[in-house]
Amino acid sequence: MRHIISLLMENEAGALSRVAGLFSARGYNIESLSVAPTEDPTLSRMTIVTSGSDAIIEQINKQLNKLVDVAAVMDLSDGEHLERELMLVKVRAAGVAREELKRMVDTFHGRIIDEAEHSCTIELTGACAELDSLLEKIGRDLILETVRTGASGIGCGDRILKL
Amino acid sequence: MELTGAEILIRCLQEEKVEYLFGYPGGAVLFIYDELFKQDKVKHVLVRHEQAAVHAADGYARSSDKVGVALVTSGPGLTNAVTGIATAYMDSTPMVIISGQVPTYAIGEDAFQEVDAVGITRPCVKHNFLVKDVKDIASTIKKAFYLAKSGRPGPVLVDIPKDISNQKTTFAYPSSVSIRSYHPVGKGDSGQIRQAAQMLLAAKRPMIYAGGGVVLADASAQLTEMVRLLDFPCTNTLMGLGGFPASDKRFVGMLGMHGTYEANMAMHNCDVLLAVGARFDDRVIGNVEHFAQEPRKIIHIDIDPSSIAKRVKVDLPIVGDVKLVLDELLGVLRGGKQAPNAADMAAWWKQVEEWRAIGGGLRYKNSLEVIKPQFVIEKLHEITGGDAFITTDVGQHQMWAAQYYKFEKPRRWMTSGGLGTMGFGLPAAMGVQMVNPGATVACITGEGSIQMNIQELSTCKQFALPIKILSLNNGYLGMVRQWQEFFHGNRYSETYMNALPDFVKLAEAYGHIGMRIDKPADVEPALREAFARKNDLVFMDFRTDPSENVFPMVPGGKGLSEIILSEQI
Numbered sequence: 001m002r003h004i005i006s007l008l009m010e011n012e013a014g015a016l017s018r019v020a021g022l023f024s025a026r027g028y029n030i031e032s033l034s035v036a037p038t039e040d041p042t043l044s045r046m047t048i049v050t051s052g053s054d055a056i057i058e059q060i061n062k063q064l065n066k067l068v069d070v071a072a073v074m075d076l077s078d079g080e081h082l083e084r085e086l087m088l089v090k091v092r093a094a095g096v097a098r099e100e101l102k103r104m105v106d107t108f109h110g111r112i113i114d115e116a117e118h119s120c121t122i123e124l125t126g127a128c129a130e131l132d133s134l135l136e137k138i139g140r141d142l143i144l145e146t147v148r149t150g151a152s153g154i155g156c157g158d159r160i161l162k163l
Numbered sequence: 164m165e166l167t168g169a170e171i172l173i174r175c176l177q178e179e180k181v182e183y184l185f186g187y188p189g190g191a192v193l194f195i196y197d198e199l200f201k202q203d204k205v206k207h208v209l210v211r212h213e214q215a216a217v218h219a220a221d222g223y224a225r226s227s228d229k230v231g232v233a234l235v236t237s238g239p240g241l242t243n244a245v246t247g248i249a250t251a252y253m254d255s256t257p258m259v260i261i262s263g264q265v266p267t268y269a270i271g272e273d274a275f276q277e278v279d280a281v282g283i284t285r286p287c288v289k290h291n292f293l294v295k296d297v298k299d300i301a302s303t304i305k306k307a308f309y310l311a312k313s314g315r316p317g318p319v320l321v322d323i324p325k326d327i328s329n330q331k332t333t334f335a336y337p338s339s340v341s342i343r344s345y346h347p348v349g350k351g352d353s354g355q356i357r358q359a360a361q362m363l364l365a366a367k368r369p370m371i372y373a374g375g376g377v378v379l380a381d382a383s384a385q386l387t388e389m390v391r392l393l394d395f396p397c398t399n400t401l402m403g404l405g406g407f408p409a410s411d412k413r414f415v416g417m418l419g420m421h422g423t424y425e426a427n428m429a430m431h432n433c434d435v436l437l438a439v440g441a442r443f444d445d446r447v448i449g450n451v452e453h454f455a456q457e458p459r460k461i462i463h464i465d466i467d468p469s470s471i472a473k474r475v476k477v478d479l480p481i482v483g484d485v486k487l488v489l490d491e492l493l494g495v496l497r498g499g500k501q502a503p504n505a506a507d508m509a510a511w512w513k514q515v516e517e518w519r520a521i522g523g524g525l526r527y528k529n530s531l532e533v534i535k536p537q538f539v540i541e542k543l544h545e546i547t548g549g550d551a552f553i554t555t556d557v558g559q560h561q562m563w564a565a566q567y568y569k570f571e572k573p574r575r576w577m578t579s580g581g582l583g584t585m586g587f588g589l590p591a592a593m594g595v596q597m598v599n600p601g602a603t604v605a606c607i608t609g610e611g612s613i614q615m616n617i618q619e620l621s622t623c624k625q626f627a628l629p630i631k632i633l634s635l636n637n638g639y640l641g642m643v644r645q646w647q648e649f650f651h652g653n654r655y656s657e658t659y660m661n662a663l664p665d666f667v668k669l670a671e672a673y674g675h676i677g678m679r680i681d682k683p684a685d686v687e688p689a690l691r692e693a694f695a696r697k698n699d700l701v702f703m704d705f706r707t708d709p710s711e712n713v714f715p716m717v718p719g720g721k722g723l724s725e726i727i728l729s730e731q732i
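Chains as they are written, first to last, in the working numbering: chain A, 1 to 163; chain F, 164 to 732.
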């Protein structure tokens, strides 16, 4: 099953590779990984999307907790949570096709953030599935570039991951 | 007054009461060695290969309750140390390894003797640090010792660039340490401990399975008292030997791939299993699916949550320091009025004794013609009164040592259990002898393993370490040969040790005493003579039966009850 795991870790050189190395050394999947400092610049918040049996997910949580640089871990999938991903996609589009594309982007609540003669760039934020869905609608033939950040997640309501 | 990074480092080691530092100098650690030279509190032991420095520090730590410390230079110094670090990591030895690094301004430029020490060691340390500011040395060393020793112990590496070791700052050693992202556990959950007591008392076929965690936590007294109070059968893992006295009738021997029949059958057939500081690894329970076929309730006490429910499902996890948890569990058991059901226990013990009779404990067919390796270990046990510190290398001799040297006390048995590192035994024995001066220290090895760190005979001479080396020389890489015999159609691919040196002359060349023993009748006299030489290192080259195999054996991938008892079966 797909799980989205959030963690807080020391914002130090090498901390990211400890997490990435743990996943590769123990053969766990990483679907996506996103990381950036928090309001406290000494801490980074990481969101990992992974998949595995319940036993593997339990091990992943325990192994992450065991890393000295990791301060807190939460499996967001254990409760209500929100998940967002940012995507930038450059599409070959001109003339009538571009108008059609704009309408399609509107229905997804995306934005065109750059327009050139033969192409334009779309920005879309949403759940991963929504992003997949837009890509599918556009079709691979027209897509020139796709850039996705990987999911970021946060718990709903009182589910808070903070030191 | 300002001190250099190197001076600060040595002052930190003095503050940590480091008695011996095992190391090897080189360019990146020149300032550190210069400071070592100027003081005499921290004594340096010059090894002949960096791997040996780390194994020696490992043996030092395992046979005491101290943190082992090693010092190596950058590049090849560090890479040579990696095997030692990985060995310590797999067996959870508390150690601090200090490595030199090229100067900060040269990092990343493929400088001479540069290697990414923190990157290379990351998967085999508890934690590691690259010190980039001289002001951080003292706090980093403080953290390193704290991390190595607390929680589940392990090796911690501190990489110090050369320029940092020569820059100056004021020195103050922190009196306390706290790491916000690191909180080792202490006591276990009281509710779960009471529940564990209930489960144990209600068991019809209970079994206690104790591992290296008991030794590391210094909880042997608690374990022993509990097993005797409950009168349950108890087994030890390879790492746990000595955690429970082998002479106690409740001890059913070591379990696992080369464990006793009774230990493996009791483990397989019990209805309530208490695992203490053990991790159900593949050499212990064999095939996981086979093990899971028998219904049993498992209680698992461990300081490391990730060791619980990693390979087998656990019904009652108790995360905590093994000693504190057992103390509390003992309190509950002593305070309660309930006792295990006498009829159930009598029936269970009857069954266990039947298995013991079938297995015959451990047995081998002795010979008047050729030395049986098991016989050597039995005689060693007899002559040392079962009270020696034993180190081993890896292979058949290691298993025979585990089987036939009956350990009564913890921290007497130093073996590379997790990583299985050949070359561990001799350097580990050096560390053991350093921290236990005057004690009897024996290294049980083979002609294959001993050659992986034989250069340390030179270190032993320099530091006058009277280690007794028992090489069970069968002319083969015996354990590999055994597997080739059983599972690869007797094709002994590259396992015959051709062109062996004359070990007697070799020992003599290093300034030690060498003995060659060919006949069974000479085993005891040779051992007596060797152990009577209190101040000498004696290398005993026992020419043993080349065809002897280690039994019992649970073949790889098989279940515990599929154990093979001897050649005949």
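We put the CB at the ideal spot given by N, CA and C, even for glycine.
Among the options, nearest to residue i - alpha-carbon criterion
i         : options                                    : result
Ser32(A)  : Thr121(A), His118(A), Ser6(A), Met74(A)    : Ser6(A)
Asp296(F) : Leu172(F), Met642(F), Pro458(F)            : Leu172(F)
Leu640(F) : Val259(F), Leu176(F), Ser710(F)            : Ser710(F)
Val294(F) : Val210(F), Tyr345(F), Ile727(F), Gln330(F) : Gln330(F)
Lys289(F) : Lys312(F), Thr547(F), Lys528(F)            : Lys312(F)
Arg111(A) : Gln63(A), Lys90(A), Gly150(A)              : Lys90(A)
Pro683(F) : Glu179(F), Trp511(F), Leu531(F)            : Leu531(F)
Tyr223(F) : Asp665(F), Val604(F), Leu669(F)            : Val604(F)
Ser410(F) : Asp254(F), Cys623(F), Thr387(F)            : Thr387(F)
Euclidean distance between Cα positions of residue i and residue j
i         : j         : result
Ala301(F) : Ala71(A)  : 23 Å
Gly126(A) : Arg84(A)  : 5 Å
Lys102(A) : Glu123(A) : 12 Å
Glu687(F) : Leu700(F) : 18 Å
Thr167(F) : Ile270(F) : 20 Å
Pro715(F) : Gly580(F) : 18 Å
Lys460(F) : Asp273(F) : 55 Å
Val390(F) : Lys412(F) : 11 Å
Leu479(F) : Leu489(F) : 15 Å
Ile676(F) : Ser634(F) : 14 Å
Ala472(F) : Tyr673(F) : 49 Å
Lys500(F) : Leu401(F) : 35 Å
Ser165(A) : Ala249(F) : Residue 165(A) cannot be examined here, being either before or after the span of chain A that is shown, 1 to 163.
Trp511(F) : Lys367(F) : 7 Å
Ala251(F) : Leu379(F) : 12 Å
Proximal residues to residue i (C-beta, below 8 Å), its chain only, five neighbours per side dropped
i         : result
Lys697(F) : Pro629
Asn61(A)  : Ile5, Val73, Asp75
Ile732(F) : In this predicted model, Ile732(F) has a pLDDT of only 41, less than 50, meaning its place in the structure is not dependable; the value taken from the coordinates is given anyway. Answer for Ile732(F): no residue qualifies.
Thr242(F) : Val278, Ile283
Pro536(F) : Gln559, His560, Trp563, Leu635, Asn637, Phe705, Thr707, Asp708, Glu711
Close Cβ partners of residue i (< 6 Å) along its chain, the five nearest in sequence each way excluded
i         : result
Thr333(F) : Glu165
Phe292(F) : Thr303, Val321
Met562(F) : His421, Val713
Leu418(F) : Thr398, Ala426, Asn427, Met430
Trp518(F) : Tyr424, Glu425, Met428
Ala93(A)  : Leu101, Cys120
Under 7 Å from the C-beta of residue i: neighbouring residues of chain F
i        : result
Asp69(A) : Ser344
Contacts of residue i in chain A (Cβ-Cβ under 8 Å)
i         : result
Pro324(F) : Neighbours of Pro324(F) on chain A: none; closest Cβ ~14 Å, over 8 Å.
Asp310(F) : Sequence check: residue 310(F) is Leu here, not Asp. Going along chain A in sequence order, the residues near Leu310(F) (Cβ under 8 Å) are Val68.
Arg285(F) : Gly14, Ser17, Arg18, Gly21
Pro257(F) : Result: empty, since nearest Cβ-Cβ is about 14 Å, beyond 8 Å.
Sequence-distant residues of the same chain with beta carbon closer than 7 Å to residue i, five excluded per side
i         : result
Ser470(F) : Arg442
Asp40(A)  : none
Under 7 Å from the C-beta of residue i: neighbouring residues of chain A
i         : result
Val281(F) : Gly14
His290(F) : Val68
Contact set between residue i and chain F, taken where Cβ atoms lie within less than 8 Å
i         : result
Leu163(A) : Arg343
Amino acids of chain F, ordered along the chain, whose beta-carbon sits closer than 9 Å to that of residue i
i         : result
Met164(A) : Lying outside 1 to 163, the shown extent of chain A, residue 164(A) is not represented and no answer is given.
Ala55(A)  : Ala472, Lys473, Lys476
* Asked: Does the pairing of the stretch 394 to 407 of chain F with the stretch 528 to 544 of chain F give three or more beta-carbon distances under 8 Å?
  -> Too few Cβ pairs lie closer than 8 Å, so no.
* Does the stretch 371 to 378 of chain F come within contact of the stretch 336 to 352 of chain F, defined as at least 3 CB pairs closer than 8 Å? -> No: fewer than three Cβ pairs fall under 8 Å.
* Do the stretch 185 to 201 of chain F and the stretch 354 to 362 of chain F make contact, defined as three or more Cβ pairs closer than 8 Å? -> Contact between the stretch 185 to 201 of chain F and the stretch 354 to 362 of chain F is absent, because fewer than three Cβ pairs lie under 8 Å.
* For the stretch 218 to 233 of chain F and the stretch 249 to 268 of chain F, state whether three or more C-beta atom pairs, one from each stretch, are separated by less than 8 Å. => Yes, since at least three Cβ pairs between the stretch 218 to 233 of chain F and the stretch 249 to 268 of chain F fall closer than 8 Å, the two stretches touch.
* Asked: Do the stretch 714 to 729 of chain F and the stretch 569 to 583 of chain F meet, that is, are 3 or more Cβ pairs less than 8 Å apart?
  -> Result no; under three Cβ-Cβ pairs closer than 8 Å.
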